[in-house]
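Peer 1:
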Amino acid sequence: MDPRQSRITELAIAIKKQTEILQSLLDSLKVATPSFSVNANQELPRNAAVQLAQSSILDSCTELQDLVEGPLGHVGRIMSPRVHISSALQAIVHFNIAGKIAKHETVSFGEIAKRCKMDVDDVKRIMRLAISYRIFKESHIGFVNHTASSFLIAENLLVRQWISLCCDEFIPAGSFLVPAMKKWPSSEEPNETAFALLHKGDSLWDVLKKQPEKAQRFAHGMEYMRTLPPFDINHLFTSLNWEIDCETVLVDVGGSQGSIAEALLRRYPRLRCYVQDLPETLSKAVVPKDLKGRLEFVSHSMFKEQPIKADVYLLRSILHDWLDGYALQIIRNLIPALEVGSKVIINEICLPEPNAISAYEAQLIRWVLHMSFSLATETNVNSGYDLSMKQQFNSKERDVHEWETLFRLADRRFKLNRIVNPPGSFLAVLEFEWQPMAP
1 MDPRQSRITE LAIAIKKQTE ILQSLLDSLK VATPSFSVNA NQELPRNAAV
51 QLAQSSILDS CTELQDLVEG PLGHVGRIMS PRVHISSALQ AIVHFNIAGK
101 IAKHETVSFG EIAKRCKMDV DDVKRIMRLA ISYRIFKESH IGFVNHTASS
151 FLIAENLLVR QWISLCCDEF IPAGSFLVPA MKKWPSSEEP NETAFALLHK
201 GDSLWDVLKK QPEKAQRFAH GMEYMRTLPP FDINHLFTSL NWEIDCETVL
251 VDVGGSQGSI AEALLRRYPR LRCYVQDLPE TLSKAVVPKD LKGRLEFVSH
301 SMFKEQPIKA DVYLLRSILH DWLDGYALQI IRNLIPALEV GSKVIINEIC
351 LPEPNAISAY EAQLIRWVLH MSFSLATETN VNSGYDLSMK QQFNSKERDV
401 HEWETLFRLA DRRFKLNRIV NPPGSFLAVL EFEWQPMAP
């Protein structure tokens with residue numbers, strides 16, 4: 001870089017360069033340039049070079065924006081609009097505003113109010129805020145139509161469930177974080193959290209157990225997360241590096257309604273899977289016809305002794321829900337089922353060292369919430385992020401030293417074989433092997 005150039009000029013040049021690289025990659029892949037059109041692709045190709053260019057552009061863009069705003073504008077932007085756009089999205093989903101507009105239809109605010117049984121002024125105010133985020137478009141004064149993001153909300157149930165989960169549960173809990181920290185300093189209990197203060201002492205797990213509709217929404221929200229590029233199941237395939245014809249029995253501990261197990265079974269035709277979760281989570285789980293005989297759902301609490309002997313136990317985004325005391329119980333409950341060479345695969349965020357990644361990537365990992373619907377660029381991810389874990393569960397994300405320490409405390413017979421951090425993935429793979437000490 002030219003030492004005479006200002007930082008904002010350097011960033012502008014970097015953005016131009018990386019954008020040209022991205023456009024060249026898209027041209028070579030015969031993929032349309034991103035747009036806000038209702039017919040636009042929902043995401044960019046899941047290609048390592050594309051994702052690298054994309055990440056570089058976003059990191060430079062966010063730094064440039066932060067600089068040109070100045071500290072006063074920067075802090076103001078962080079605080080002010082985020083809550084309001086979340087409220088607008090909550091209303092858009094609750095009243096099914098996006099679903100009441102056809103794909104290519106242009107409709108007035110008054111007609112939308114009639115279809116949604118809402119006050120017309122409320123519709124106008126909610127939608128005009130969303131429009132400022134390019135969710136819907138006001139094609140001419142008083143008339144709106146879909147953009148790519150609003151049509152995604154209309155068409156995708158998992159997106160709507162994710163918005164509701166965030167807006168109804170996670171965001172309100174955030175305002176109780178400081179009171180919870182003051183009321184229960186250093187607590188590890190899941191019912192001594194910001195979420196519990198909001199819900200009169202009930203932990204998130206209590207709420208899900210008592211209210212099946214919320215349990216289903218939570219399951220849908222987690223399923224939505226798994227569709228996002230940083231959580232792509234192919235990252236797990238690459239990291240496992242198994243032979244396609246491997247004969248393995250796998251237990252997916254806390255595997256919800258089986259989407260990860262299904263993907264594994266279709267990838268590895270000789271694999272057999274047991275998916276374990278609580279009865280209320282498994283109540284609507286169904287074994288697909290093509291996986292009968294290879295996939296089984298088993299009601300089981302991870303806080304009880306593991307009843308199934310298997311070659312591999314997969315815990316994907318499980319232990320980050322629990323601080324060490326509870327996480328140790330979960331790990332130790334596996335031990336009675338383990339045999340020499342049994343593997344425990346942890347597929348979780350492994351926090352990087354400070355300054356090891358860009359500020360943009362660090363924000364994604366550590367932000368409480370990130371409610372963006374430009375899926376190809378800013379990944380709307382929440383569950384699994386460090387401060388969110390604190391306010392919902394009294395838990396945390398861990399770095400590599402904390403993971404090693406946790407398993408060493410559980411039992412010194414666990415050996416860490418390897419850690420893989422796939423490019424483009426937020427989830428690392430840590431493989432622990434059970435190696436009983438020689439007598």
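The UniProt record's numbering numbers the first residue of the sequence shown as 1 and each following residue consecutively.
Built from N, CA and C at the ideal position, the CB exists for glycine as well.
All values reported here derive from a predicted model rather than from experimental measurement.
Between which two residues does the alpha helix (DSSP H) containing K309 stretch?
Peer 2: Looking at the DSSP string, K309 is not in any alpha helix (DSSP H), and its letter there is neither H nor E.
Peer 1: Of the residues E348, W403, K309, N333, which one's Cα is nearest the Cα of N318?
Peer 2: Looking at the sequence itself, residue 318 is Ile, so the reference to Asn does not match. Looking at the Cα atoms, E348 is the closest of the given residues.
Peer 1: With a 10 Å radius around its C-beta and 16 neighbouring C-beta atoms as the bar for buried, classify A91 as buried or exposed.
Peer 2: buried
Peer 1: Taking three-plus beta-carbon pairs below 8 Å as touching, is the stretch 51 to 62 in contact with the stretch 21 to 40?
Peer 2: These segments touch.
Peer 1: Which class does K30 belong to by DSSP, given the choice of helix, strand or coil?
Peer 2: coil
Peer 1: Near V312, which residues of its chain fall below 7 Å by C-beta distance, leaving aside the five closest residues on each side in sequence?
Peer 2: These residues qualify, in order along the chain: T248, L250, K343, I345.
Peer 1: Using CA coordinates, which residue listed in M437, V286, G221 is at the minimum distance from E339?
Peer 2: M437
Peer 1: Distance, Cα to Cα, D386 vs L427?
Peer 2: Using only the alpha carbons, I get a separation of about 13 Å.
Peer 1: Enumerate in chain order the residues of its own chain whose CB-to-CB distance from V429 is below 6 Å, with the five nearest sequence positions on each side excluded.
Peer 2: S239, N347, V420
Peer 1: Tell whether a beta-carbon distance below 8 Å holds between S175 and F143.
Peer 2: no
Peer 1: Which runs of the alpha helix (DSSP H), 4 residues or longer, sit entirely within the stretch 7 to 60?
Peer 2: 7 to 28
Peer 1: Need the endpoints of the beta strand (DSSP E) that H220 sits in, please.
Peer 2: Unbroken run through H220 is the alpha helix (DSSP H), 212 to 226; no beta strand (DSSP E).
Peer 1: In whole angstroms, give me the CA-to-CA distance for W403 and Q306.
Peer 2: W403 and Q306: Cα-Cα distance of roughly 21 Å.
Peer 1: Per DSSP, what kind of secondary structure is K114 in: helix, strand or coil?
Peer 2: Helix, per DSSP.
Peer 1: Determine the extent of the beta strand (DSSP E) in which N234 is found, giving its start and end residues.
Peer 2: Unbroken run through N234 is the alpha helix (DSSP H), 233 to 240; no beta strand (DSSP E).
Peer 1: When the distance is taken between beta carbons, is W434 closer than 8 Å to F414?
Peer 2: Result yes, Cβ atoms of F414 and W434 sit closer than 8 Å.
Peer 1: So G293 and D277 are in contact, right, with Cβ under 8 Å, and what is the actual spacing, rounded?
Peer 2: With a Cβ gap of about 20 Å, G293 and D277 do not count as contacting.
Peer 1: By how many angstroms is the C-alpha of E280 removed from the C-alpha of S36?
Peer 2: A small fix is needed here, since residue 36 is Phe in this sequence, not Ser. F36 and E280: Cα-Cα distance of roughly 39 Å.
Peer 1: Candidates D411, K17, Q42: which alpha carbon is nearest S149's?
Peer 2: Q42
Peer 1: Would you kindly report the start and end of the unbroken alpha helix (DSSP H) that includes E431?
Peer 2: Per DSSP, E431 belongs to no alpha helix (DSSP H); it is in the beta strand (DSSP E), 428 to 434.
Peer 1: Rounded to whole angstroms, what's the CA-CA distance from L72 to L64? Just pull it up for me.
Peer 2: 15 Å
Peer 1: How would you write the range of the alpha helix (DSSP H) that K137 sits in, first residue to last?
Peer 2: No alpha helix (DSSP H) contains K137, which is instead part of the beta strand (DSSP E) from 137 to 140.
Peer 1: Measure from the alpha carbon of S186 to the alpha carbon of each residue in L314, R128, Q391, then state which is nearest.
Peer 2: Q391
Peer 1: Taking the alpha-carbon positions, what's the G341 to L236 distance?
Peer 2: Distance between the alpha carbons of G341 and L236 is about 20 Å.
Peer 1: Spatial neighbours of K124 within its chain, please: CB distance less than 7 Å, with the 5 preceding and 5 following residues excluded, ordered by chain position.
Peer 2: F109
Peer 1: With the cut-off set at 8 Å, would you say A180 and A194 are in Cβ contact?
Peer 2: Yes.
Peer 1: Let's test the definition: count the other Cβ atoms within 10 Å of the Cβ of A327 and tell me whether it reaches 16, buried, or not, exposed.
Peer 2: buried
Peer 1: In the DSSP output, which residue or residues are listed as bridge partners for Y274?
Peer 2: According to DSSP, Y274 bridges with V251, E296.
Peer 1: Counting Cβ pairs closer than 8 Å, one from the stretch 88 to 103 and one from the stretch 149 to 163, do we hit at least three?
Peer 2: yes
Peer 1: Where does C246 sit, in a helix, a strand or coil, going by DSSP?
Peer 2: coil
Peer 1: Measuring alpha carbon to alpha carbon, tell me which of L295, T62, Q257 ends up nearest R226.
Peer 2: Q257
Peer 1: Measure the C-alpha to C-alpha separation of I8 and I15 and round it to an integer number of angstroms.
Peer 2: Taking the Cα positions, I8 is about 11 Å away from I15.
Peer 1: Just list the alpha helix (DSSP H) runs in the stretch 174 to 199, keeping only unbroken ones of 4 residues or longer that don't cross its boundaries, in chain order.
Peer 2: Complete alpha helix (DSSP H) runs here, min 4: 177 to 183, 194 to 198.
Peer 1: Distance, Cα to Cα, F432 vs L416?
Peer 2: 4 Å
Peer 1: Thinking C-alpha only, which one of S259, S86, D119, N333 is nearest A130?
Peer 2: S86
Peer 1: State yes or no: is the C-beta of T147 within less than 8 Å of the C-beta of I163?
Peer 2: no
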